[in-house]
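A.B. asks:
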Amino acid sequence: GNFIPPIKSNGGNTGNVTTRVAGKSDDASDDSAKRCLEMLCGPDGELPEKLRNLEPRLIEHISNEIMDRDPNVRWDDIAGLDHAKKCVTEMVIWPLLRPDIFKGCRSPGRGLLLFGPPGTGKTMIGKAIAGEAKATFFYISASSLTSKWIGEGEKLVRALFGVASCRQPAVIFVDEIDSLLSQRKSEGEHESSRRLKTQFLIEMEGFDSGSEQILLIGATNRPQELDEAARRRLTKRLYIPLPSSARAWIVRNLLEKDGLFKLSKDEIDTICSLTEGDSGSDMKNLVKDASMGPLREALKQGIEITKLKKEDMRSVTLQDFEDALQEVRPSVSSNELGTYDEWNKQFGSLS
Ligand code: ADP
Numbered sequence: 132g133n134f135i136p137p138i139k140s141n142g143g144n145t146g147n148v149t150t151r152v153a154g155k156s157d158d159a160s161d162d163s164a165k166r167c168l169e170m171l172c173g174p175d176g177e178l179p180e181k182l183r184n185l186e187p188r189l190i191e192h193i194s195n196e197i198m199d200r201d202p203n204v205r206w207d208d209i210a211g212l213d214h215a216k217k218c219v220t221e222m223v224i225w226p227l228l229r230p231d232i233f234k235g236c237r238s239p240g241r242g243l244l245l246f247g248p249p250g251t252g253k254t255m256i257g258k259a260i261a262g263e264a265k266a267t268f269f270y271i272s273a274s275s276l277t278s279k280w281i282g283e284g285e286k287l288v289r290a291l292f293g294v295a296s297c298r299q300p301a302v303i304f305v306d307e308i309d310s311l312l313s314q315r316k317s318e319g320e321h322e323s324s325r326r327l328k329t330q331f332l333i334e335m336e337g338f339d340s341g342s343e344q345i346l347l348i349g350a351t352n353r354p355q356e357l358d359e360a361a362r363r364r365l366t367k368r369l370y371i372p373l374p375s376s377a378r379a380w381i382v383r384n385l386l387e388k389d390g391l392f393k394l395s396k397d398e399i400d401t402i403c404s405l406t407e408g409d410s411g412s413d414m415k416n417l418v419k420d421a422s423m424g425p426l427r428e429a430l431k432q433g434i435e436i437t438k439l440k441k442e443d444m445r446s447v448t449l450q451d452f453e454d455a456l457q458e459v460r461p462s463v464s465s466n467e468l469g470t471y472d473e474w475n476k477q478f479g480s481l482s
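Residues 132 to 482 in full-length UniProt numbering are what the sequence shown spells out, letter by letter.
1) May I ask which residues mark the beginning and end of the beta strand (DSSP E) holding E350?
2) Closer than 6 Å by C-beta to G284: which residues in its own chain qualify, once you throw out the five before and the five after it? Chain order, please.
3) What three-state label does DSSP hand A153 in the structure shown?
4) Identify, in the order they occur along the chain, each residue of the same chain with its Cβ nearer than 7 Å to the Cβ of W206, setting aside the five sequence neighbours on each side.
5) Any idea if G235 is buried or exposed, counting beta-carbon neighbours within 10 angstroms, 16 or more meaning buried?
6) Classify N352 as buried or exposed, calling it buried when 16 or more other Cβ atoms lie within 10 Å of its own Cβ.
7) Taking 7 Å as the threshold (beta carbon to beta carbon), is R364 in contact with chain B?
8) DSSP three-state label for D199, please.
9) Do W474 and P300 have their C-beta atoms closer together than 7 Å?
10) So, for W380: in the same chain, excluding its five sequence neighbours on each side, which residues have a beta-carbon less than 6 Å away from its beta-carbon?
11) Rounded to the nearest angstrom, how far is the Cβ of D413 from that of V459, given a contact under 8 Å?
12) Among residues of its own chain, excluding the 5 on either side of residue 108, which ones have a beta-carbon nearer than 6 Å to its beta-carbon?
13) With distances taken Cα to Cα, identify the nearest neighbour of F304 among R325, V294, G337 and L346.
14) Leaving out the 5 sequence neighbours to the left and right, which residues in its chain are closer than 8 Å to F478 when beta-carbon positions are compared?
15) Given that a residue counts as buried once 16 or more other Cβ atoms are within 10 Å of its Cβ, and exposed if not, what is M198?
16) Looking at A290 and L189, is the spacing between their C-beta atoms short of 7 Å?
17) At the level of alpha carbons, what is the spacing between D389 and S422?
18) Please confirm whether any heavy atom of the ligand ADP lies closer than 6 Å to the CB of T437.
19) Specify the secondary structure class of L311 as computed by DSSP and reduced to three states.
20) Are there 16 or more other CB atoms within 10 angstroms of the CB of P248, so buried, or fewer, so exposed?
21) How about L244 and L430: do their beta carbons lie closer than 7 Å?
22) Which of the three DSSP states is assigned to R298 in this structure?
23) Any heavy atom of the ligand ADP inside 6 Å of the beta-carbon of A210?
24) If you reduce the DSSP assignment to three classes, tell me which class T366 lands in.
25) Could you tell me which residues DSSP puts in a beta bridge with L287?
26) Whose CA, out of K396, S296 and Y370, lies closest to the CA of V382?
27) Can you give me the C-alpha to C-alpha distance between D231 and R237, rounded to a whole angstrom?
28) Run through DSSP, which three-state label would F269 get?
29) Heavy atom of the ligand ADP less than 6 Å from the Cβ of S412, yes or no?
30) Considering only their Cβ atoms, is the gap separating P202 from M222 smaller than 7 Å?
31) Beta-carbon separation of L332 and A273 under 7 Å?
32) Pick helix, strand or coil for D472, following the three-state DSSP scheme.
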């Protein structure tokens, strides 16, 4: 008779995902939603038209989980990719900074696709764009829309574009965009995911034709899955390849940041030749593992971790990298690279 439900009842509104996941009381959640709405109100204290019919909890989720007011990445943090940086500066950053000049013939495209192997800096570029153009950054993973927000993705997409239009200039970064705009018409394709895709395309169409300062960046490791409608809206399509000489930069930069860099030019060259085919993210993992070398050695000599002095530890050596290479393997196969090259030739923006 004393049954206590595991989830606090929400006044009959059992669909309140945010409240349940965050485990907050309804009052706290209501307060937070209220604050988010207040921040989006215009000078007249009124909520902008676009947000009026949206559920406050969705707006709250966008404001708290998806919106990043100050993405902390700058161009200088990204190794290599000079071609992509140049294109993006011209197509995206200048127009966001000077909308008065970039109109008419010069009006920019509103959709950019970054494609290439995983871990090559696509998300970093998205964040850097927002940082350099002083825009609000919205990050959403398309697969979370289709898995976590089952049945609600459509509403969330509307809220996302609605909040972005109140936070201009804005950059909406959609990771794994292929899972949202895929060309596969599998028999199992749910009605809800078809509606989600339609809603997304409608929203894109909406800001593409208007004077809004919103840019949509899609990132994918599987560009071949995108359909024609998606390609048409993502007018600029940039290949973000595996790093070549940038691998040395990543090693040097990460070690220097921690004051651990003591390698010679020859040693760096050797590390580069041993890491052919590694992505930026593989390199980061390699540096992490190699930087544990001096620590592991000290502990092997019987020094207790609590008594270990930082200044007594030796610097990171080539041998540490060679040991780490036994653990960290490249995450991209050469077969996959061929697919990217072909798609780039067919659909990529080569200039
Ligand atoms: P993607 O979005 O292409 O899968 P990310 O941008 O998330 O890859 O990169 C993952 C991590 O790998 C970054 O946080 C960064 O530490 C490292 N990385 C990848 N590419 C680069 C690069 N070009 N310059 C510096 N770091 C990089």
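We put the CB at the ideal spot given by N, CA and C, even for glycine.
Model, not experiment: these values are computed from the prediction.
C.D. replies: So, from the data block:
1) Before going on, a small fix: residue 350 reads as Ala here, not Glu. Its beta strand (DSSP E) spans residues I345 to T351.
2) For G284, the CB contacts under 6 Å within the same chain, skipping 5 residues up- and downstream, are L276 and L327 in chain order.
3) Because the pLDDT at A153 is just 39, under 50, the model does not fix this residue reliably, and the point stays unresolved.
4) Excluding sequence neighbours, W206 sits near K216, A259 and E263.
5) Residue environment for G235: exposed (fewer than 16 other C-beta atoms within 10 angstroms of its C-beta).
6) So N352 counts as buried.
7) Given the protein chain composition of this structure (a single chain), no chain B is represented.
8) It is a strand residue.
9) At least 7 Å separates the beta-carbon of W474 from that of P300.
10) Closer than 6 Å at Cβ, skipping near neighbours: A210.
11) Their Cβ separation, rounded to whole angstroms, is 6 Å, which keeps D413 and V459 in contact under 8 Å.
12) With the chain covering only 132 through 482, there is no way to say anything about residue 108.
13) Per the Cα distances, L346.
14) Short of 8 Å from the beta carbon of F478, and not among the five residues preceding or following it, lie these beta carbons of its own chain, in chain order: P354, R362 and R368.
15) Buried, by the Cβ-count rule.
16) At the C-beta level, L189 and A290 come within 7 Å of one another.
17) One C-alpha to the other measures close to 10 Å.
18) Not so, every heavy atom of the ligand ADP lies at least 6 Å from the Cβ.
19) The answer is coil: DSSP assigns L311 none of H, G, I, E or B.
20) With 16 or more other Cβ atoms within 10 Å, it is buried.
21) Judged by their CB atoms, L244 and L430 are not nearer to each other than the 7 Å cut-off.
22) When secondary structure is reduced to three states using DSSP, R298 falls in the coil class, being assigned neither helix nor strand.
23) Set against 6 Å, the gap from the CB of A210 to the closest heavy atom of the ligand ADP is smaller.
24) Under the three-state reduction of DSSP output, T366 falls in the coil class, being neither helix nor strand.
25) Note: L287 sits in no beta bridge, so no partner.
26) It is K396.
27) If I take the Cα positions, the gap works out to 10 Å.
28) If DSSP states are grouped into helix, strand and coil, F269 belongs with the strands.
29) Yes, Cβ of S412 sits closer than 6 Å to a heavy atom of the ligand ADP.
30) Remark: C-beta atoms of M222 and P202 do not approach each other more closely than 7 Å.
31) No, they are not a contact pair.
32) It is helical.
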